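Take 198 as the starting number for the sequence shown in our numbering and just add one per residue.
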Amino acid sequence: MTISLRNLPLLVQLDIIKNITYSEAFNLSLCSARTLKMIKICKFPNVNAVRYFFNDEIMKVSIEEHDGGMESMVLLQGDQERGKIDEGQYQKISDFREDFRMSTRDASLDDYFVLDFDRRLEQLVKNLLHLHICEMFDNRFPIRLHVIADANLGVLPNIESVNDCRICEGHSEVINQLITSHPYINNVFIEKFVNNGLQDDHMLFGVQNLCMNQSGTESTTFLRQFTGRLLYLSSAECRNRHIVQFLEKWRSGRFYPNLRFLKIDLRRRRGFVQNEILADIETTVWDPAIRPGRVVDVFSVDHELNIEEYLDIKREGDGKLASLSIIPSSFKFLVWD
Numbered sequence: 198m199t200i201s202l203r204n205l206p207l208l209v210q211l212d213i214i215k216n217i218t219y220s221e222a223f224n225l226s227l228c229s230a231r232t233l234k235m236i237k238i239c240k241f242p243n244v245n246a247v248r249y250f251f252n253d254e255i256m257k258v259s260i261e262e263h264d265g266g267m268e269s270m271v272l273l274q275g276d277q278e279r280g281k282i283d284e285g286q287y288q289k290i291s292d293f294r295e296d297f298r299m300s301t302r303d304a305s306l307d308d309y310f311v312l313d314f315d316r317r318l319e320q321l322v323k324n325l326l327h328l329h330i331c332e333m334f335d336n337r338f339p340i341r342l343h344v345i346a347d348a349n350l351g352v353l354p355n356i357e358s359v360n361d362c363r364i365c366e367g368h369s370e371v372i373n374q375l376i377t378s379h380p381y382i383n384n385v386f387i388e389k390f391v392n393n394g395l396q397d398d399h400m401l402f403g404v405q406n407l408c409m410n411q412s413g414t415e416s417t418t419f420l421r422q423f424t425g426r427l428l429y430l431s432s433a434e435c436r437n438r439h440i441v442q443f444l445e446k447w448r449s450g451r452f453y454p455n456l457r458f459l460k461i462d463l464r465r466r467r468g469f470v471q472n473e474i475l476a477d478i479e480t481t482v483w484d485p486a487i488r489p490g491r492v493v494d495v496f497s498v499d500h501e502l503n504i505e506e507y508l509d510i511k512r513e514g515d516g517k518l519a520s521l522s523i524i525p526s527s528f529k530f531l532v533w534d
């Protein structure tokens with residue numbers, strides 16, 4: 198005998214919902230407005246963020262928990278075979294009912310709840326799904342994008358509240374389009390950057406926090422043009438002269454007004470020579486009365502950096518202080534508020 202969830206006592210219903218997976222919760226949320234309200238009551242105490250993954254026509258949504266774990270929720274994929282969709286069961290999202298079918302869950306899809314749709318409705322369907330997820334979580338959690346931004350970004354829903362974006366492989370034009378359409382993105386991590394036309398007004402230069410994993414020869418351009426707060430360039434190809442130019446520009450007080458932290462890790466192990474870089478730049482050693490000797494690592498809040506050995510440099514005009522570290526393979530620069 199099957200017992201309907203709504204026929205159970207309210208506390209029993211809530212207890213059941215609290216112990217199901219996110220994909221099961223999403224499935225239930227589509228049943229009725231009443232069920233959706235019950236799911237919202239649960240508040241999802243373990244949720245840290247909602248992560249969207251885009252790769253061409255596929256849109257996956259996962260839940261990131263406070264302990265760093267990731268759990269699948271829903272996968273949306275366009276289907277070119279119209280007849281195949283017509284054979285499926287119609288599914289309603291919001292007030293729209295057309296060309297949806299629910300597919301069976303497949304272990305190869307990591308237990309995502311799967312929805313197939315007519316690809317001709319891609320923009321509408323993705324927007325509706327995003328709005329439903331926002332309502333399900335009551336707009337209480339950060340939204341993070343995970344994008345394979347190659348030559349074809351595909352159709353993205355209208356997500357206004359995106360704060361973080363991780364880009365696996367990004368063409369410069371596509372990344373520009375992505376950031377332009379999501380102006381609230383503050384944190385961008387790029388695994389691999391493909392320069393197919395990097396203009397001086399590229400949107401990446403103005404991102405608040407930018408991390409590039411394989412910056413390569415583009416590292417000097419980003420070092421020169423960046424106007425945000427935090428910049429990390431990994432596998433960079435920089436020379437002593439590029440660091441000298443950066444320090445002179447910062448010290449002048451006319452450039453990098455927003456910069457708070459810069460880290461450059463070279464592709465090769467030996468490259469920077471401290472004596473050559475600081476030959477004509479005045480620095481002072483650490484004074485405990487002026488600044489602390491330790492600071493929280495911006496890349497890991499659970500880790501502190503020992504900066505007692507960092508040298509200090511003053512900016513002309515306002516006298517703002519910064520601390521720097523130069524070793525053969527790395528350069529770090531920290532500006533004090």
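Glycine residues also receive a C-beta, built at the ideal position from the N, C-alpha and C atoms. Fair warning: this is a prediction, and the values are worked out from it, not measured in the lab.
Listed in chain order, the non-local C-beta contacts of Val322 below 6 Å within the same chain comprise Phe314, local neighbours out to five positions each way being set aside.
Distance from the Cα of Leu428 is smallest, within the candidate group Ile387, Asn437, Ser449 and Gly450, for Ile387.
Pairing Ile372 with Leu401 gives a Cβ-Cβ distance under 8 Å. Per the coordinates, the alpha-carbon of Leu272 lies some 20 Å from the alpha-carbon of Ser229. Around Phe419, the same chain offers Leu401, Phe402, Leu407, Met409, Ser412, Leu428 and Leu430 as residues with beta carbons nearer than 8 Å, after the five sequence neighbours per side are excluded. DSSP, reduced to helix, strand and coil, places Phe423 outside both helices and strands of the structure shown, so it counts as coil.
His327: member of the alpha helix (DSSP H) spanning Glu319 to Met333, first to last residue. The shortest C-alpha to C-alpha distance from Val344 to any of Asn392, Leu318, Lys257 and Asn324 is the one to Lys257. DSSP places Ser449 in the uninterrupted alpha helix (DSSP H) bounded by Asn437 to Ser449. Judged by DSSP in its simplified three-state form, Gln405 adopts coil rather than helix or strand. Leaving aside the five residues that flank Ile356 on each side, the residues in its chain whose CB is nearer than 8 Å to its CB run, in chain order, Tyr249, His327, Ile340, Leu342 and His379. Using a Cβ-Cβ distance cut-off of 8 Å, the region 446 to 459 and the region 481 to 492 are not in contact, since fewer than three pairs of beta carbons, one from each stretch, lie closer than that value. Just measuring C-alpha positions, the residue of Cys435, Ile238 and Tyr309 sitting nearest Ile255 is Tyr309. Judged by their CB atoms, Gly490 and Pro525 are not nearer to each other than the 8 Å cut-off. Straight-line measurement puts the Cα of Glu261 at about 45 Å from the Cα of Ile478.
Thr414 carries a coil assignment under DSSP once its states are collapsed to helix, strand and coil. With a contact defined as Cβ atoms closer than 8 Å, Glu473 and Asn437 qualify at about 5 Å. Residue pairing for Arg341: DSSP places it in a beta bridge opposite Arg248 and Asp361. Beta-carbon to beta-carbon, Val495 and Phe458 are separated by about 5 Å, close enough to satisfy the 8 Å threshold. Taken through DSSP and simplified to helix, strand or coil, Tyr429 comes out as strand. Taken atom to atom, the span from the alpha-carbon of Thr232 to that of Val244 is near 19 Å.
The Cβ neighbour count for Asp509, taken over all protein chains shown within 10 Å, is at least 16; the residue is labelled buried.
Ranked by Cα distance from Cys362, the first of Gln471, Asn383, Ser369 and Phe443 is Asn383. Spanning the alpha carbons of Asn360 and Thr377 requires a straight line of approximately 13 Å. Cβ contact annotation for Pro354 (same chain, cutoff 6 Å, sequence separation greater than five): Lys323, Asn324 and His327, in chain order.
One thing to note: Ile238 has its Cβ no nearer than 8 Å to the Cβ of Leu225.
By the neighbour-count criterion, in which 16 or more other beta carbons inside 10 Å mark a residue as buried, Ser369 falls on the buried side.
Lys389 is not a Cβ neighbour of Glu415, given a cutoff of 8 Å. The beta carbon of Ser520 lies closer than 6 Å to those of Ile504, Tyr507, Asp509 and Leu531 in the same chain, with the five residues before and after it left out.
Thr424 places its beta carbon 8 Å or farther from that of His439.
The three-state reading of DSSP puts Ala519 in strand, counting E and B together.
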